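If you count the sequence shown from 1, you need to add 51 to reach the working numbering. Glycine included, each C-beta is placed from N, C-alpha and C at the ideal position. Bear in mind that the values here come from a model prediction, so they are computed numbers and not experimental data. Let me begin by presenting the structure, written as structure tokens, before commenting on it.
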Amino acid sequence: MTKITKDTVIGDILDLDQSTAPFFLEMGMHCLGCPASRGESIQEACMVHEVDPDALVEKLNAHLGAK
52 MTKITKDTVI GDILDLDQST APFFLEMGMH CLGCPASRGE SIQEACMVHE
102 VDPDALVEKL NAHLGAK
């Protein structure tokens, strides 16, 4: 399993496991197919959407580890 960090690019996460998409939709990131959003790091996206990046990283790693 790959460990997700704040520097991990969102497109890479979605390519790894598409079931992570709801975590991004939940934070208000609704344009997951857009090249700009797929190229952002978790840190960058969380800054724009005013979400705690550490909390999102923890959720993603827990989800991926549970599979």
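Residues of its chain near residue i, where Cβ-Cβ distance is below 8 Å and the 5 sequence neighbours each way are ignored
{"i": "residue 112", "result": "54 and 55"}
{"i": "residue 82", "result": "88"}
{"i": "residue 74", "result": "107, 110, 111 and 114"}
{"i": "residue 76", "result": "83"}
Cutoff 6 Å; reference residue i; Cβ partners in own chain excluding five residues on either side
{"i": "residue 58", "result": "92"}
{"i": "residue 78", "result": "100 and 102"}
Selection from the options that minimises the alpha carbon distance to residue i
{"i": "residue 80", "options": "99, 105 and 108", "result": "99"}
{"i": "residue 63", "options": "90, 94 and 74", "result": "90"}
Nearest-angstrom Cβ-Cβ length linking residue i and residue j, presumed shorter than 8 Å
{"i": "residue 106", "j": "residue 61", "result": "No, residue 106 and residue 61 are not in contact; Cβ-Cβ is about 16 Å, not under 8 Å."}
{"i": "residue 68", "j": "residue 115", "result": "6 Å"}
{"i": "residue 86", "j": "residue 94", "result": "With 8 Å as the limit, residue 86 and residue 94 do not qualify as a contact, their Cβ atoms being about 18 Å apart."}
Beta-carbon proximity list for residue i, same chain, < 7 Å, skipping 5 on both sides
{"i": "residue 71", "result": "64, 65, 111 and 114"}
Whole runs of the alpha helix (DSSP H) within the stretch 52-81, excluding any shorter than 4 residues = 61-67 and 72-77
At 4 residues or longer, and completely inside the stretch 75-114: list those alpha helix (DSSP H) runs for me, N to C.
-> 86-89 and 93-100
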